[in-house]
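A.B. asks:
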Amino acid sequence: MEPISSDFLVIGGGIAGLLFAIKASTIGTVTVLTKAASDEANTAYAQGGIASVWSVDDSFESHVDDTLRAGDGLCNSLAVETIVRGGPDAVRELIALGTRFTRIDAGGEDEYDLGREGGHSHRRVLHAQDLTGREIMRALGEAAAARPNLRVLENHVAVNLLIENHAGSNPACWGAYALNKATMAVRKVVARATMLATGGAGKVYLYTTNPDIASGDGVAMAYRAGAPIANMEFYQFHPTCLYHPAAKSFLISEALRGEGAILRLPDGTAFMKRYHPDAELAPRDVVARAIDSEMKRLGLDCVYLDISHQPASHVRERFPNIYKRCLSFGYDLTSAPIPVVPAAHYMCGGVVTDLCGRTTIPRLYAAGETAMTGLHGANRLASNSLLEAAVMGRRAYGAVRESLRNDFRAPPEFPEWDPGSAARTEQRVLITHSWDEIRRLMWNYVGIVRSERRLERAFRRIQLLKEEIHSYYWDHLLDSDLIELRNLVTVAELVVRCAMARKESRGLHYTMDHPEHDDEWLRDSLIRREDVQPTPASPA
Ligand code: FAD
Ligand code: SIN
């Protein structure tokens, strides 16, 4: 089958992928793959907004300090400086591409309403009411559609990267194999540079704010290709999702707490002051752990978030989407507290990149939630991820433009995808059960509070699941569920391995066996496939 060829392959059409693709289309042809509809990405669900120094009262120093404080000692300070300072230009580019952030009534051209969120010492979150991500996706989607050099292939799932000299000394990435979900054919997509922008992996946990696309495919593909992965133990749990069986962990934005919402127990007692002087506006790891601890202490199913003391008209105007969604479940947040619980939200770790989005594999770049630049350290500051994705999408474009300037090498030949003797998947139940088991064990044993025993138990089960999934994978024709399942078990293993290695508590990683910081562990948890010893139960 003829390969699909272009100068650039971008795997993922969220903010990181699209911004990179739009810029790259000015110097070459671009293919963007999205594994579902093009508007289905974590980006589309972002509510609070994008953090950037914007007001004259704010400063880069202050944003840098807040980011470092949230990151609990593990941020790379150069990454923080670079990305924070890149914020205003990235925001201006989003605006130039058509994003309409909420303005101040009767304000000047550059005056936008700035939200406040936990861990930020200033108002600095630009937003489009409480539908910021949808608005960014609309603007970038339209801008991408207007670029003649750029095409988006929806419902195409990247399976594996095309790596030249995989086992040799000079590997390089030349694209990927991708499954077309409509025809079920696997095709080569060849490119001179490949950008991994596949977002997060919230689906590795039973309860998550993330949409179904978030199965950590980029991390798993890069890991299989030999790239270093880091800091996977730092999975961020968002403190407040609506507690309702039909709400699918609908996010209740931190911006509500920025506007004064208070966390309460069922009897109305506010409890956050007992945990942190900044109470509801403490960093996210502190708030999520406090809620978890109160729920366990009192045997509660949820706690309550109360913004009913604020003027109803302000709440409806500032949070129209959240207001309507809660109302559809019978909760009027302008008149009573609403039930909330934490859920898995954001992958702080990922594929290690430099500050130009370069991975250690030549021609392979990564940006957005899939990448680990060092910005977030052990805990991401609210609304810093849209910032990172936008700044790094732009910076990666700069790097790729330079490195391809005098590069005229033709891609090497890669074999066609070989389905071998694989048969069509008959036993869907095996896939759904394994999927469910991974998500449950991650939730129960590798959640907000961990222990060595829980992690060891999770590790043993993951090894068995990995073995089953591995043999199942090669015996059956590929489909997207199977691809995701294989990636999910890899991501689960990486989270557990990193968590087991860290013998201290820091940021989002809290273990009862080592509840304090130990600066002996003040370093990133790096993991590479070649360094992992196969266990007796599992293939490497
Ligand atoms: P995504 O936007 O997730 O895009 C991933 C893309 O990769 C998708 O197009 C998907 O189809 C594609 N993809 C994945 N795997 C494959 C594959 N194998 N083959 C082909 N394509 C693939 N951050 C903030 O800064 N501010 C906020 O207010 C905020 N609110 C949030 C609210 C919610 C509910 C959620 C879930 C997240 C929120 N975040 C927020 C986090 C932020 O939205 C994400 O981190 C960010 O949007 C990630 O962007 P991305 O471009 O890296 O990936
Ligand atoms: C939110 O709106 O609370 C999400 C912000 C974020 O994840 O950064």
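In my numbering, the protein residues as written are 1 to 540.
For glycine and all other residues, C-beta sits at the position ideal for the given N, C-alpha and C.
For the beta strand (DSSP E) containing VAL190, list its first residue and its last residue.
C.D. replies: 186-196 is the span of the beta strand (DSSP E), which, as asked, contains VAL190.
A.B. asks: Using CA atoms only, rank isn't needed, just tell me which of GLY133, THR102, GLY107 is closest to VAL383.
C.D. replies: In the sequence as presented, Val is not what sits at residue 383; that position holds Ser. The shortest Cα separation from SER383 among GLY133, THR102, GLY107 belongs to GLY133.
A.B. asks: Counting Cβ pairs closer than 8 Å, one from the segment 205-214 and one from the segment 338-350, do we hit at least three?
C.D. replies: Judged by Cβ distances under 8 Å, the segment 205-214 makes contact with the segment 338-350, as three or more pairs qualify.
A.B. asks: Nearest-angstrom Cα distance between ASN155 and LYS35?
C.D. replies: Taking the straight line joining both Cα atoms gives about 4 Å.
A.B. asks: Taking only runs that begin and end inside the segment 422-485, name each unbroken alpha helix (DSSP H) of 4 or more residues, in chain order.
C.D. replies: Entirely contained in the segment 422-485, the alpha helix (DSSP H) runs reaching 4 residues are, in chain order, 428-445, 452-475.
A.B. asks: Cα separation between LEU26 and VAL91?
C.D. replies: The identity of residue 26 in the sequence shown is Thr, whereas the question assumes Leu. Whole-angstrom Cα-Cα distance: 20 Å.
A.B. asks: Please tell me whether PHE459 has its Cβ less than 8 Å away from any Cβ of chain C.
C.D. replies: The displayed structure is made up of one protein chain only, and chain C is not part of it.
A.B. asks: Taking THR490 as the reference, give the member of LEU153, ARG528, LEU179, ARG457 with the closest Cα.
C.D. replies: Among LEU153, ARG528, LEU179, ARG457, the Cα nearest to that of THR490 is on ARG528.
A.B. asks: Sort ASN231, GLY258, GLY28 by Cα distance to CYS498 and report the nearest one.
C.D. replies: Comparing Cα positions, the closest option is ASN231.
A.B. asks: Are ALA367 and PHE20 close, meaning C-beta to C-beta below 8 Å?
C.D. replies: It is a contact, given that the beta carbons lie within the stated cut-off.
A.B. asks: Put PRO536 into one of helix, strand or coil per three-state DSSP.
C.D. replies: Its pLDDT being 48, under 50, PRO536 is placed unreliably in this model, and the value from its coordinates should be taken loosely. DSSP places PRO536 in coil when its eight states are reduced to three.
A.B. asks: What are the residues that DSSP puts in a beta bridge with THR511?
C.D. replies: Note: THR511 sits in a beta bridge opposite ARG450.
A.B. asks: Exposed or buried, which one is ARG103 when buried takes at least 16 other CB atoms within 10 Å?
C.D. replies: So ARG103 ends up on the exposed side.
A.B. asks: Tell me which same chain residues have a C-beta within less than 8 Å of the C-beta of ALA422, skipping the five on either side of it?
C.D. replies: The answer, listed in chain order, is TRP474, ASP475, HIS476, LEU477, LEU478.
A.B. asks: Taking buried to mean at least 16 other C-beta atoms within 10 Å of its own C-beta, is ARG450 buried or exposed?
C.D. replies: Result: buried.
A.B. asks: Tell me whether LEU548 sits in a helix, a strand or coil according to DSSP, three-state version.
C.D. replies: No information on residue 548 is available, as it lies outside the stretch 1 to 540 that the chain covers here.
A.B. asks: Assuming the contact rule is C-beta atoms closer than 8 Å, PHE592 and ALA290 should be a hit. Round their C-beta distance to whole Å, please.
C.D. replies: Residue 592 lies beyond the stretch modelled for the chain, which goes from 1 to 540, so this question has no answer here.
A.B. asks: Less than 7 Å between the CB of TYR243 and some heavy atom of ligand 2, yes or no?
C.D. replies: No, since every heavy atom of ligand 2 falls outside the 7 Å radius drawn around the Cβ of TYR243.
A.B. asks: From which residue to which residue does the beta strand (DSSP E) around TYR235 run?
C.D. replies: Unbroken beta strand (DSSP E) run through TYR235: 235-242.
A.B. asks: Whose C-beta lies closer than 6 Å to the C-beta of MET1 among residues of the same chain, with five residues either side of it excluded?
C.D. replies: Closer than 6 Å at the Cβ level, and outside the excluded window around MET1, lie ARG187.
A.B. asks: For ligand 2, which residues count as neighbours when the test is a C-beta closer than 5 Å to any heavy atom?
C.D. replies: This selection yields GLN47, GLY48, SER253, GLU254, ALA382, SER383.
A.B. asks: Count the other C-beta atoms from every protein chain shown that fall within 10 angstroms of the C-beta of ASP105, then say buried if there are 16 or more, exposed otherwise.
C.D. replies: Counting Cβ neighbours within 10 Å, ASP105 comes out exposed, since fewer than 16 surround it.
A.B. asks: Please state whether the Cβ-Cβ distance between LYS503 and HIS517 is less than 8 Å.
C.D. replies: No, the pair does not count as a contact, with Cβ atoms beyond the cut-off.
A.B. asks: May I ask whether a heavy atom of ligand 1 can be found less than 7 Å away from the beta carbon of HIS122?
C.D. replies: Because no heavy atom of ligand 1 lies under 7 Å away, the Cβ of HIS122 does not count as near it: no.
A.B. asks: Using 8 Å as the cut-off, can you tell me whether the segment 270-289 makes contact with the segment 371-381, which would need three or more C-beta pairs spanning the two stretches below that distance?
C.D. replies: Yes: the two stretches touch, three or more of their Cβ pairs being nearer than 8 Å.
A.B. asks: Whole angstroms are fine: how far does the CA of ALA501 sit from the CA of ALA540?
C.D. replies: Annotation note: pLDDT 37 at ALA540 (below 50); position unreliable, no value reported.
A.B. asks: Thinking just about the alpha-carbon of each residue, which of MET221, LEU485, ASP7, HIS376 is nearest to the one in TYR472?
C.D. replies: Here the closest residue by C-alpha is LEU485.
A.B. asks: Taking the runs of the alpha helix (DSSP H) that are 4 residues or longer, which of them lie wholly in the segment 68-142?
C.D. replies: The segment 68-142 contains these whole alpha helix (DSSP H) runs: 77-96.
A.B. asks: Would you please state the rounded distance, in angstroms, between the beta carbons of VAL159 and ILE483? I believe it to be under 8 Å.
C.D. replies: About 6 Å; that satisfies the 8 Å criterion.
A.B. asks: Counting C-beta neighbours from all protein chains within 10 Å, is the total for ILE456 16 or more, i.e. buried, or is it exposed?
C.D. replies: In the sequence as displayed, the identity of residue 456 is Glu instead of Ile. It counts as exposed.
A.B. asks: Between the C-alpha atoms of THR82 and SER55, what's the straight-line distance to the nearest angstrom?
C.D. replies: Cα-Cα distance, rounded: 19 Å.
A.B. asks: Please report how far the alpha carbon of ASP66 lies from the alpha carbon of ASP130, in whole angstroms.
C.D. replies: The straight-line gap from Cα to Cα measures roughly 23 Å.
A.B. asks: What's the C-alpha gap between ILE4 and ALA458?
C.D. replies: Using only the alpha carbons, I get a separation of about 40 Å.
A.B. asks: Using the Cβ count rule (16 or more neighbours within 10 Å means buried), how would you classify ALA24?
C.D. replies: With 16 or more other Cβ atoms within 10 Å, it is buried.
A.B. asks: So the beta strand (DSSP E) MET347 belongs to, where does it begin and stop?
C.D. replies: Looking at the DSSP string, the run of the beta strand (DSSP E) that includes MET347 is 338-347.
A.B. asks: Looking at the secondary structure, which residues open and close the alpha helix (DSSP H) in which HIS156 lies?
C.D. replies: Counting along the chain, HIS156 falls outside any alpha helix (DSSP H), though it belongs to the beta strand (DSSP E) covering 156-164.
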